[in-house]
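Novice:
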Amino acid sequence: MKVLIAGGAGFIGSTIASACTDHGITPVILDNLATGRREFTDGRIFYEGDISDGDLIDRIFTEHPGIRTAVDCAALIVVPDSVANPLGYYRENVAKGIRFLEHLVRNDCRNLLFSSSASIYRADPSDFSVDEESALEPLSPYARTKATFETILRDVAAAGTLNVISLRYFNPIGADPQLRTGLQIRTPTHALGKMIDVHHAGEPFTITGTDYPTHDGTGIRDYVHVWDLAAAHVRAVERFEAVTRTTPYRVINLGTGRGTTVRELVTAFEAVTGSPLAAVETDRRPGDTAGAYARVDLARELLGWKAEHSVEDGIRDSLRWYAERDSVIGPQE
Numbered sequence: 001m002k003v004l005i006a007g008g009a010g011f012i013g014s015t016i017a018s019a020c021t022d023h024g025i026t027p028v029i030l031d032n033l034a035t036g037r038r039e040f041t042d043g044r045i046f047y048e049g050d051i052s053d054g055d056l057i058d059r060i061f062t063e064h065p066g067i068r069t070a071v072d073c074a075a076l077i078v079v080p081d082s083v084a085n086p087l088g089y090y091r092e093n094v095a096k097g098i099r100f101l102e103h104l105v106r107n108d109c110r111n112l113l114f115s116s117s118a119s120i121y122r123a124d125p126s127d128f129s130v131d132e133e134s135a136l137e138p139l140s141p142y143a144r145t146k147a148t149f150e151t152i153l154r155d156v157a158a159a160g161t162l163n164v165i166s167l168r169y170f171n172p173i174g175a176d177p178q179l180r181t182g183l184q185i186r187t188p189t190h191a192l193g194k195m196i197d198v199h200h201a202g203e204p205f206t207i208t209g210t211d212y213p214t215h216d217g218t219g220i221r222d223y224v225h226v227w228d229l230a231a232a233h234v235r236a237v238e239r240f241e242a243v244t245r246t247t248p249y250r251v252i253n254l255g256t257g258r259g260t261t262v263r264e265l266v267t268a269f270e271a272v273t274g275s276p277l278a279a280v281e282t283d284r285r286p287g288d289t290a291g292a293y294a295r296v297d298l299a300r301e302l303l304g305w306k307a308e309h310s311v312e313d314g315i316r317d318s319l320r321w322y323a324e325r326d327s328v329i330g331p332q333e
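Just so we're aligned, residue 1 is where the sequence shown starts under the numbering used here, counting upward by one.
What follows is the structure, given as structure tokens:
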């Protein structure tokens, strides 16, 4: 079996490719390398180009006619950047995504796994947990691109054009346990990446926002190991027909089912490293929200999947990747 992974040279897409390979599924990678790494495609079927390039996608399907399922991980994802450049985010995440759908349909690829985001939810302030039926309230241009594209996918699926599983990721951390791939961005914007950077630099970590209505005032997230996310994609590929048999459009949360605040993440980081992490407090970043964590019953029911790794596991693997990253992708961007 072959599966097309758009954005397959990025952090999550490349990890999905590794998990597919480990389970006997051949990944065919499409990536424009805007943020992805060529090194992550070594030894894999790779096409360099854009998801909006119809001629290239036609060639992929001509050369690999057995592809029946595509995974769409191709997107810009940095919330502050989306606030500064909303037009660019709508172009990359929505306009080009529509072109990609057209190319898939033309080539009779009717199954799509979409990388969506938990950032589109409005959390329940009583406990900040959400399930797939929870209200949506995307508060950044990035989140709105994901919500907008989900609306498009729902309509396309209802028309009988595609079968779609939208996997709403919570907060990926960690790395491929074999360190084949990991977070390739050297200036991360997420909390754990910044913790690792300042830990090695001997600088304080900045907690952005301490006035959220959580138990300690800091944002709450569901930190899910990227290897668990990748395993969920393998299950979704294998069970695609069963999951979409009664409905052509499915939304499934991918998280641990546990919420961790920023202060709790600092404590976990200190426990893993065995050393204190100094912290300073500042205001919220534009587009940030209090956050949420997943209710994951549907993932268990439909995919037979649950997260196996802890937050501490994710921290350890992130630190291991940081130590080995330059040997995998080199010291320069």
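Ideal Cβ placement from N, Cα and C applies to all residues, glycine included.
1. Should G209 and G219 be called a contact, given that it needs their Cβ atoms to be closer than 7 Å?
2. Could you compute how far the alpha carbon of H103 sits from the alpha carbon of T267?
3. Just to confirm, are V243 and E132 a CB contact at a threshold of 7 Å?
4. Should R221 go down as buried or exposed, given a rule of 16 or more other Cβ atoms within 10 Å for buried?
5. With a cut-off of 8 Å on the beta carbons, I'd call P86 and P141 a contact; round off their distance for me.
6. Using a threshold of 7 Å, state whether the C-beta atoms of A6 and I51 are closer than that.
7. Looking at the unbroken alpha helix (DSSP H) that takes in Q181, where does it start and where does it end?
8. Let's test the definition: count the other Cβ atoms within 10 Å of the Cβ of T69 and tell me whether it reaches 16, buried, or not, exposed.
9. Closest to I16 by C-alpha separation, out of V71, D58 and P65, would be which residue?
10. Inspect the beta-carbon positions of D313 and H200 and report whether they are closer than 7 Å.
11. Considering L30, what are the terminal residues of the beta strand (DSSP E) in which it resides?
12. Please confirm whether L112 and L167 have their CB atoms less than 7 Å apart.
13. With which residues is Y249 paired in a DSSP beta bridge?
14. Starting from the C-beta of G304, find all residues in its chain whose C-beta is less than 8 Å away, skip the five residues before and the five after it, and write them out in chain order.
15. Rounding to the nearest angstrom, what Cα-Cα distance links E333 and A159 in this structure?
16. Below 6 Å CB to CB, which residues in the same chain sit around Y249 once its five sequence neighbours on both sides are set aside?
17. Please report the straight-line C-alpha distance between T187 and V78, rounded to a whole angstrom.
18. Please name the residue in F40, N32 and I29 whose C-alpha comes closest to that of G182.
19. Can at least three beta-carbon pairs, one atom from the region 268-282 and one from the region 293-304, be found at a separation below 8 Å?
20. Please confirm whether D216 and T261 have their CB atoms less than 7 Å apart.
21. Would you decide whether R180 is buried or exposed? Buried here means 16 or more other CB atoms lie within 10 Å of its CB.
22. Name the one or two DSSP bridge partners that L254 has.
Specialist: Here's the rundown:
1. Judged by their CB atoms, G209 and G219 are nearer to each other than the 7 Å cut-off.
2. H103 and T267 have their alpha carbons spaced roughly 47 Å apart.
3. Between V243 and E132, the C-beta gap is not smaller than 7 Å, which leaves the two residues out of contact.
4. The residue is buried, with at least 16 neighbouring Cβ atoms inside 10 Å.
5. Contact flag correct, Cβ pair sits at about 4 Å.
6. Yes.
7. At residue 181 the sequence reads Thr, which differs from the Gln that was named. For T181, there is no enclosing alpha helix (DSSP H), as DSSP marks it with neither H nor E.
8. So T69 counts as buried.
9. Measuring from the Cα of I16, the nearest candidate turns out to be V71.
10. No, these two residues do not count as a Cβ contact at 7 Å.
11. Unbroken beta strand (DSSP E) run through L30: T26 to D31.
12. Using a Cβ distance threshold of 7 Å, L112 and L167 do not count as a contacting pair.
13. In DSSP, Y249 forms a bridge with V164.
14. Closer than 8 Å at the Cβ level, and outside the excluded window around G304, lie R235 and R239.
15. Residue placement at E333 is flagged as unreliable, the pLDDT there being 48, under the threshold of 50; the coordinate-derived value follows with that caveat. In this structure, the straight-line span from the alpha carbon of E333 to that of A159 is close to 43 Å.
16. Only R154, A157 and V164 meet the Cβ criterion.
17. So the alpha carbons of these two residues sit roughly 11 Å apart.
18. Among F40, N32 and I29, the Cα nearest to that of G182 belongs to F40.
19. Contact between the region 268-282 and the region 293-304 is absent, because fewer than three Cβ pairs lie under 8 Å.
20. Yes, the pair counts as a contact, with Cβ atoms nearer than the cut-off.
21. Label assigned to R180: buried.
22. Beta-bridge pairing by DSSP links L254 to Y169.
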